[in-house]
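Trainee: The structure's right below; bear with me while I get my questions together.
Residue numbers (my numbering): 12 to 92.
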C-alpha cells in the first residue's frame with residue numbers, strides 16, 4: 012500500500028480558536044434568502060387593496076359607506092388624513 016494515500020480515518024484538528032477557522036457566518040444570509048424566496052410569491056399574490064378595505068377605512072374615518080356604490084366610491088387624501 013503506498014504511503015501517500017489518504018487515511019479515511021484521519022481527523023481534522025481545526026478548532027474555533029485556530030486562525031484558519033472561518034466559520035459559517037454566511038449560513039444566516041443563505042437561510043434568510045431562502046425564506047424570502049419561499050414567502051415572496053405568497054405576499055406578491057395579494058391584490059393591492061382587499062375588497063373590504065375601503066369599507067373598514069370609511070368606518071375608521073366615520074364616513075357613511077354605501078355598499079351598493081362600492082366600485083364607484085373613492086376617498087380623497089383630505090378625508091384620509
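No residue lacks a Cβ here, since even glycine has one placed at the ideal position from N, Cα and C.
Straight-line CA distance for residue 73 to residue 65?
Mentor: About 12 Å.
Trainee: Cβ atoms of residue 25 and residue 32: under 8 Å apart, would you say?
Mentor: Yes.
Trainee: Rounded to whole angstroms, what's the CA-CA distance from residue 53 to residue 69? Just pull it up for me.
Mentor: Near 27 Å, if we compare the C-alpha coordinates of residue 69 and residue 53.
Trainee: For residue 42, which three-state DSSP category applies?
Mentor: It is helical.
Trainee: For the alpha helix (DSSP H) containing residue 65, list its first residue and its last residue.
Mentor: Where residue 65 is concerned, the enclosing alpha helix (DSSP H) stretches over 64-72.
Trainee: Give me the Cα-Cα distance between residue 71 and residue 63, rounded to the nearest whole angstrom.
Mentor: When rounded, the distance between both Cα atoms is 13 Å.
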